[in-house]
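One structure is given here, and the rest of the page talks about it.
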């Protein structure tokens, strides 16, 4: 999608659909923007709160592909955990940022230079980051590495979608299930 010049800006599990031939399709392009228009000012309430990147929680109005990468990282973590990684309460940017920082740790100037200059910057009690090996103890080292790169607080340091798709996690053992082995709800109804 990014290589075609588009930002989705509302990636979440509800917008990831599996077709009958078991292909992943993205849905709901209501907030999508074509690049470079996506780099122009836009409301910070884009993205469903649990998948909203920290730069938008701090009121950034200009954003780009790293915002989608953050949301995709949240979706991968949710698949591994079987529950959302950053479940905030309501649509409050402050509560969502607090949910993020409980795991990533509060931003520092070293980790995310000039984050305090964003228009909605809020101060939080200093909290250290939790290693992904503690957050996702059953996931592989490759999964921890990929999520660390996708869920980097500083959008300028966040891995790109292309780099994420080339990550070792996608080739690591155990390998992904074949498309044919994925059971769909219709398949279960047919065998009942």
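In this note's numbering, the protein residues as written are 119 to 310.
A virtual CB, placed ideally from N, CA and C, is assigned to each residue, including glycine.
{"Check": "So the alpha helix (DSSP H) residue 174 belongs to, where does it begin and stop?", "Outcome": "172 to 175"}
{"Check": "Whose C-beta lies closer than 7 Å to the C-beta of residue 131 among residues of the same chain, with five residues either side of it excluded?", "Outcome": "193 and 196"}
{"Check": "By a C-beta neighbour count over all protein chains shown, 10 Å radius and 16 as the cutoff for buried, is residue 233 buried or exposed?", "Outcome": "buried"}
{"Check": "Looking only at its chain, what residues have a beta carbon closer than 6 Å to the beta carbon of residue 218, apart from the 5 residues adjacent to it on each side?", "Outcome": "172 and 204"}
{"Check": "Starting from the C-beta of residue 123, find all residues in its chain whose C-beta is less than 6 Å away, skip the five residues before and the five after it, and write them out in chain order.", "Outcome": "152 and 153"}
{"Check": "Got a sec? Which residues, its chain only, sit under 8 Å from residue 295 by beta carbon, not counting five neighbours each side?", "Outcome": "none"}
{"Check": "According to the Cβ coordinates, are residue 261 and residue 254 closer than 8 Å?", "Outcome": "yes"}
{"Check": "Buried or exposed for residue 246, going by 16 or more other Cβ atoms inside 10 Å?", "Outcome": "exposed"}
{"Check": "Give the C-beta separation of residue 213 and residue 220 to the nearest angstrom, bearing in mind that I take them to be a contact with Cβ-Cβ under 8 Å.", "Outcome": "The Cβ separation is near 11 Å, so there is no contact."}
{"Check": "Pick helix, strand or coil for residue 270, following the three-state DSSP scheme.", "Outcome": "coil"}
{"Check": "Report all residues from its chain with a CB closer than 6 Å to the CB of residue 121; omit the five preceding and five following residues, and keep chain order.", "Outcome": "none"}
{"Check": "Output the distance between the C-alpha atoms of residue 258 and residue 145, rounded to the nearest integer angstrom.", "Outcome": "29 Å"}
{"Check": "Does the Cβ-Cβ distance between residue 187 and residue 284 come in under 8 Å?", "Outcome": "no"}
{"Check": "Can you give the Cα-Cα distance for residue 136 and residue 176, rounded to whole angstroms?", "Outcome": "33 Å"}
{"Check": "Cβ of residue 164 within 8 Å of Cβ of residue 209?", "Outcome": "no"}
{"Check": "Does the beta-carbon distance from residue 125 to residue 150 come in below 8 Å?", "Outcome": "yes"}
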